[in-house]
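Student: Anchor point for the sequence shown: position 634 equals 634 in full-length UniProt numbering, and the numbering is continuous, going up by one each time.
Before I ask anything, let me first share the structure, which is written out below as structure tokens.
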Amino acid sequence: WNGNSIITLGWSDAEKLVCVQEDGSVTLYDIFGIFCHTFSMGAEAKDLKVKDAKIFLTNSGTGVAVMTSASRIFIINNLEEPKIRKLPELPSNYLGTKLPILWTVVSEDRNTMAIVACGHEIYSLYQDKELPIPRELNLSNPFNNIYDMAVSLNNKHIAIYTDTGTLWLGSLDLQKRYCEINIEPGNKPQQLVWCGTEAVIGLWSNILYIVGRNGDYIQYPYDNIIHLIPEIDGVRVISETNHEMIQKVPSVVQQIFRINSTDPGSYLLEASKQFQRRNHRADEYITLVKDQLPKAVAQCLEAAVLEFDTATQKMLIRAAYFGKGFINGHSPKSYVEMCRILRVLNAVRDRRVGIPLTYTQFECLTAQVLLDRLVLRKHYYLAIQIAKYLKLSEKGILAHWARDKITQSKAPPEVVAREIADKVSHNPKEFSFWHIAKYAADNGRKDLAIKLLDHELYVEKQVSLLLNLDQGQSALVKAIESGDTDLVYAVIIDIQSKTSLSKFQMIIRNFQVAQSLYLKYSQGKNREALRDIYIQEDDYNSQAAMFITESLEPRSSTTRDTVLLAAQEAFKKARNDFGVALCDDTRKLYKYQRRLEEKFERSFIGLSIHQTAKALLKLQQIKQAENFKSEYKIPDRRYWWMRIECHAENDEWSELEKFSKSKKSPMGYEPFVDVCLKYDNIAEAQKYVTKCKDDLKVKYYVKLKMLDKAAQVAFEQKDIQGLLFVQ
1 WNGNSIITLG
11 WSDAEKLVCV
21 QEDGSVTLYD
31 IFGIFCHTFS
41 MGAEAKDLKV
51 KDAKIFLTNS
61 GTGVAVMTSA
71 SRIFIINNLE
81 EPKIRKLPEL
91 PSNYLGTKLP
101 ILWTVVSEDR
111 NTMAIVACGH
121 EIYSLYQDKE
131 LPIPRELNLS
141 NPFNNIYDMA
151 VSLNNKHIAI
161 YTDTGTLWLG
171 SLDLQKRYCE
181 INIEPGNKPQ
191 QLVWCGTEAV
201 IGLWSNILYI
211 VGRNGDYIQY
221 PYDNIIHLIP
231 EIDGVRVISE
241 TNHEMIQKVP
251 SVVQQIFRIN
261 STDPGSYLLE
271 ASKQFQRRNH
281 RADEYITLVK
291 DQLPKAVAQC
301 LEAAVLEFDT
311 ATQKMLIRAA
321 YFGKGFINGH
331 SPKSYVEMCR
341 ILRVLNAVRD
351 RRVGIPLTYT
361 QFECLTAQVL
371 LDRLVLRKHY
381 YLAIQIAKYL
391 KLSEKGILAH
401 WARDKITQSK
411 APPEVVAREI
421 ADKVSHNPKE
431 FSFWHIAKYA
441 ADNGRKDLAI
451 KLLDHELYVE
461 KQVSLLLNLD
471 QGQSALVKAI
481 ESGDTDLVYA
491 VIIDIQSKTS
501 LSKFQMIIRN
511 FQVAQSLYLK
521 YSQGKNREAL
531 RDIYIQEDDY
541 NSQAAMFITE
551 SLEPRSSTTR
561 DTVLLAAQEA
571 FKKARNDFGV
581 ALCDDTRKLY
591 KYQRRLEEKF
601 ERSFIGLSIH
611 QTAKALLKLQ
621 QIKQAENFKS
631 EYKIPDRRYW
641 WMRIECHAEN
651 DEWSELEKFS
661 KSKKSPMGYE
671 PFVDVCLKYD
681 NIAEAQKYVT
691 KCKDDLKVKY
701 YVKLKMLDKA
711 AQVAFEQKDI
721 QGLLFVQ
């Protein structure tokens, strides 16, 4: 031990050794002596030094209280979340006094207080009050000093021993006295503790006094040095060679085993014994208890789990089993449950395990806490068997075993990973390989962490930890195999942020899916990175496509020409003659459009061939449009349709009529009628309906609401369907 002088040692509810030192520091160790953490009780405790300390239980865990050399008390209610509170100071006349100061700590209902005795006076110091509250102790015999105090674990009773040898038992508020007796006058007890809630045990010079609340007492001499440990239902007596348990005999055990007992459980036990001896008297005892058999069975079961002796347990369980056979419709649930609990208790009481729990303590702790304590002692096999037996989750046990395996095993990573995977193979969904892999990584076993991640069911967890371990390529493989594009994108971005551009491009080119997704991502986010990849891959067609896309963006005409020339060169390198021709034609179109802009002082650049021709027609530049049509080989049908549309839009109906007569329409005259109808010009439409195709005339006459004419045409054409259509 290299620290300061230890003032007090004790155990927390999580079975951590709590060491309170003279300088106010509190250090915690596990049951194997491995350091957990430490904290301080404050600057004042450090400066003034600690002269006494108490470790106590609270609703939130385990607390620590220290008393400094100036008799000031500081408390912490939870070791896991240390928050220092100062209790009210004692009256000034007691500060620095040489009188012995006795104190104990009580925590209940989220409020912690200290009961302090100095001389013959007693004070209660509450953490939520500013001043100490004096208490009055009424004793028959006058006294000068209080030698010792003990509070029951349920915080309802207190025992006080004075210098006159008087032991006073009463309520915690000192208002109610249970008894007052004289024991060993003048000698301070080595220990004074409560045995449950019904008696107090004091130790004087290896003589044990057990004092009941009614004033009766008995003493037991011991040859060896002993130590008393209070429990909720008794007191453990620890010596160099023995571990004993003192507790009040449970009432149900008294009812069954006392002499001349007439309780149902006692009769049932005797009936079972006689039945085992094949004696007819078994029937007589069953008859005596027949109307109370359910109670008798319940008494035997309860007594069985309260007993430590296995022979007595078997005898009582056998009696309960015998009795329930005579009860019609009896549910075996309680019997099965008690048998399970008893089997568990006997297993942990074994000397190889060393957890001699009583049934009351087991109920208070719960089965889950018992499993945690077994795991803490590395009894993994027993913990798993108990979990299965009680139908509880094995997840925490396996996780603790795996962590222990990681820190203790020196085997190769693949061997350790396989052992862990084999152990949890029966129920992998309850086991998180991600948590275990992270633990391995945090403990410097990176290779083992990677191997463990191969068994993780959730790809997102695999990928996230692999990225944290700088295993970008492995993470990318997992993401691609999952088929989750969002996950692949996340991995790509992470790798890109952690590596140089050249290295990133070398990595990404090995994964076709990832590269395709990255190219898609870069199109809208990082065009330069996209160009770098195309250059690295000698993908000239894609380079040219990028240049063409850039040429469509708003920019100066000079820049457009430069970009199109670059695209043309890229197409040449790709031996793409069509692309080369396309770029050449586009450059010529831009040149032509620049001339139009200069001539008409309006925007043309960026328009398609179709849009350019239509713009000229809207400007009534028919001749210019005709030349443009010829130069860029616009099909007649398309050109005619554009002219029809533009004349109608410009309200040039006479020009439209002239155009219809200029030459035969390559697309018929139906479009002329349609465009006239579109702009509600019925009169103009009638000029062209006679030129429509014969099989369409009926339809267009109907559109013009010339039903008589439509019927006449249908009649002349002997078109029955047309007549029906008109009708």
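We put the CB at the ideal spot given by N, CA and C, even for glycine.
None of the values given here were measured: they were computed from a predicted structure.
Assign R445 to buried or exposed, taking buried as 16 or more other Cβ atoms, counted over all protein chains shown, within 10 Å of its Cβ.
Tutor: On the sequence shown, residue 445 is found 445 positions in, with the first residue counted as 1. R445 is buried by the Cβ-count criterion.
Student: With the cut-off set at 8 Å, would you say I406 and A383 are in Cβ contact?
Tutor: Translated into the one-based positions of the sequence shown, residue 406 becomes position 406. Translated into the one-based positions of the sequence shown, residue 383 becomes position 383. The answer is no: Cβ separation not under 8 Å.
Student: Please classify R637 as buried or exposed, where buried requires at least 16 neighbouring CB atoms within 10 angstroms.
Tutor: As a position in the sequence shown, residue 637 is number 637, starting the count at 1. When all chains shown are included, R637 counts as exposed.
Student: Three-state secondary structure (DSSP) at M706?
Tutor: Residue numbering aside, residue 706 sits at position 706 when the sequence shown is read from its first letter. Reduced to three states, the DSSP call for M706 is coil.
Student: List the endpoints of the continuous beta strand (DSSP E) containing K51.
Tutor: For this step, residue 51 is matched to residue 51 along the sequence shown. First-last of the beta strand (DSSP E) with K51: 50 to 58.
Student: With a Cβ-Cβ cutoff of 8 Å, do L102 and A117 count as a contact?
Tutor: Taking the sequence shown and counting its residues from 1, the one referred to as residue 102 is at position 102. Taking the sequence shown and counting its residues from 1, the one referred to as residue 117 is at position 117. Yes, these two residues count as a Cβ contact at 8 Å.
Student: Are V253 and L301 closer than 8 Å when you measure CB to CB?
Tutor: Along the sequence shown, read from residue 1 onward, the residue named residue 253 stands at position 253. Along the sequence shown, read from residue 1 onward, the residue named residue 301 stands at position 301. Result no, Cβ atoms of V253 and L301 do not sit closer than 8 Å.
Student: Do Y161 and G212 have their CB atoms nearer than 8 Å?
Tutor: Position 161 of the sequence shown holds residue 161. Position 212 of the sequence shown holds residue 212. Not a contact, by the Cβ cut-off of 8 Å.
Student: Is it buried or exposed for R277, if we count other Cβ within 10 angstroms and need 16 for buried?
Tutor: As a working note, residue 277 is residue 277 in the sequence shown. Result: exposed.
Student: Going by C-alpha to C-alpha distance, which of E631, K678, Y639 sits closest to E649?
Tutor: Locating residue 649 in the sequence shown gives position 649, counting from the first residue. Here the closest residue by C-alpha is K678.
Student: Mind listing, in chain order, the continuous beta strand (DSSP E) runs of no fewer than 3 residues lying wholly within the region 118 to 184?
Tutor: Counting only runs of 3 or more, we get 121 to 126, 133 to 135, 146 to 151, 157 to 162, 166 to 171, 177 to 182.
Student: Provide the residue span of the alpha helix (DSSP H) that contains Y335, from first to last.
Tutor: The residue labelled residue 335 in the question sits at position 335 within the sequence shown. From DSSP, the alpha helix (DSSP H) with Y335 extends over 333 to 349.
Student: Skipping 5 residues on each side, what residues in its chain have a beta carbon closer than 6 Å to that of T360?
Tutor: Mapped onto the sequence shown, residue 360 falls at position 360. Closer than 6 Å at the Cβ level, and outside the excluded window around T360, lie D233.
Student: Buried or exposed for Y458, going by 16 or more other Cβ atoms inside 10 Å?
Tutor: Residue numbering aside, residue 458 sits at position 458 when the sequence shown is read from its first letter. Classification for Y458: exposed.
Student: Which one of S152, D494, A367 has the shortest CA to CA distance from E337?
Tutor: In the sequence shown, residue 337 corresponds to position 337, counting from 1. The shortest C-alpha separation from E337 is found at A367.
Student: If the criterion is Cβ atoms closer than 8 Å, does the pair K629 and A613 meet it?
Tutor: Stepping through the sequence shown from its first residue, residue 629 is reached at position 629. Stepping through the sequence shown from its first residue, residue 613 is reached at position 613. Yes, they are a contact pair.
Student: Select from V563, I55, I246 the residue whose C-alpha is nearest the C-alpha of G196.
Tutor: For the purposes of this step, residue 196 is taken as residue 196 along the sequence shown, with counting starting at 1. Residue I246 is the option with its Cα nearest to G196.
Student: Return the bridge partner residues of residue 741 from the DSSP annotation.
Tutor: With the chain running from 1 to 727 in the structure shown, residue 741 is simply not present.
Student: Where are the alpha helix (DSSP H) runs, 4 residues long or more, that stay fully inside the region 239 to 302, in chain order?
Tutor: Listed in chain order, they are 251 to 257, 264 to 276, 281 to 289.
Student: Out of E136, D163, F600, R85, which one is the CA nearest neighbour of K129?
Tutor: Mapped onto the sequence shown, residue 129 falls at position 129. Nearest of E136, D163, F600, R85 to K129, Cα basis: R85.
Student: Do L208 and W168 have their CB atoms nearer than 8 Å?
Tutor: Counted from its first residue, the sequence shown places residue 208 at position 208. Counted from its first residue, the sequence shown places residue 168 at position 168. The answer is no: Cβ separation not under 8 Å.
Student: I need the boundaries of the alpha helix (DSSP H) containing H610, first residue and last residue.
Tutor: The sequence position of residue 610 within the sequence shown is 610, counting from 1. H610 -> alpha helix (DSSP H) spans 609 to 618.
Student: Would you tell me roughly how many angstroms separate the C-alpha atoms of E231 and G325, rounded to the nearest one?
Tutor: The sequence position of residue 231 within the sequence shown is 231, counting from 1. The sequence position of residue 325 within the sequence shown is 325, counting from 1. Taking the straight line joining both Cα atoms gives about 37 Å.
Student: If you draw a straight line from the C-alpha of Q175 to the C-alpha of M149, how long is it?
Tutor: Position 175 of the sequence shown, counted from the start, is the residue given in the question as residue 175. Position 149 of the sequence shown, counted from the start, is the residue given in the question as residue 149. The straight-line gap from Cα to Cα measures roughly 16 Å.
Student: From the DSSP secondary-structure annotation, give me the bridge partner or partners of E108.
Tutor: Numbered from its first residue, the sequence shown carries residue 108 at position 108. For E108, which the question treats as bridged, DSSP gives the partners N111.
Student: Given this structure, state the Cα-to-Cα distance separating H330 from K290, to the nearest angstrom.
Tutor: Residue numbering aside, residue 330 sits at position 330 when the sequence shown is read from its first letter. Residue numbering aside, residue 290 sits at position 290 when the sequence shown is read from its first letter. Approximately 14 Å, taken between the alpha carbons.
Student: Excluding five sequence neighbours on each side, which residues of the same chain lie with their C-beta closer than 7 Å to the C-beta of V235?
Tutor: In the sequence shown, residue 235 corresponds to position 235, counting from 1. Excluding sequence neighbours, V235 sits near V193, C195, I201, L228, I229, I246.
Student: Over what stretch of residues does the beta strand (DSSP E) that includes V416 continue unbroken?
Tutor: Numbered from 1 along the sequence shown, position 416 holds the residue referred to as residue 416. From DSSP, V416 is part of no beta strand (DSSP E) but of the alpha helix (DSSP H) over 413 to 423.
Student: Provide the residue span of the alpha helix (DSSP H) that contains S474, from first to last.
Tutor: If you number the sequence shown from 1, residue 474 lands on position 474. That run of the alpha helix (DSSP H) goes 472 to 482.
Student: Between the C-alpha atoms of K314 and I355, what's the straight-line distance to the nearest angstrom?
Tutor: Taking the sequence shown and counting its residues from 1, one reaches residue 314 at position 314. Taking the sequence shown and counting its residues from 1, one reaches residue 355 at position 355. So the alpha carbons of these two residues sit roughly 21 Å apart.
Student: Could you work out which residue in K156, L707, T690 is closest to D109 when comparing CA atoms only?
Tutor: Residue mapping note: residue 109 aligns to position 109 of the sequence shown, counting from 1. The residue with the shortest Cα to Cα distance from D109 is K156.
Student: What residue range is occupied by the uninterrupted beta strand (DSSP E) comprising H227?
Tutor: Looking up residue 227 in the sequence shown gives position 227. Where H227 is concerned, the enclosing beta strand (DSSP E) stretches over 227 to 231.
Student: What are the boundary residues of the alpha helix (DSSP H) that H379 is part of?
Tutor: Here residue 379 is taken as the residue at index 379 of the sequence shown, counted from 1. Unbroken run through H379: none, as it is neither H nor E.
Student: Answer yes if the region 27 to 35 comes into contact with the region 60 to 76, meaning at least three C-beta pairs across the two stretches below 8 Å, and no otherwise.
Tutor: At 8 Å Cβ cutoff, the stretches do not touch.
Student: How is the beta strand (DSSP E) around V193 delimited, first residue to last?
Tutor: Against the sequence shown, residue 193 aligns to sequence position 193. Where V193 is concerned, the enclosing beta strand (DSSP E) stretches over 191 to 195.
Student: Would you call the CB atoms of V18 and S25 closer than 8 Å?
Tutor: Residue numbering aside, residue 18 sits at position 18 when the sequence shown is read from its first letter. Residue numbering aside, residue 25 sits at position 25 when the sequence shown is read from its first letter. Going by C-beta atoms, V18 is not nearer than 8 Å to S25.
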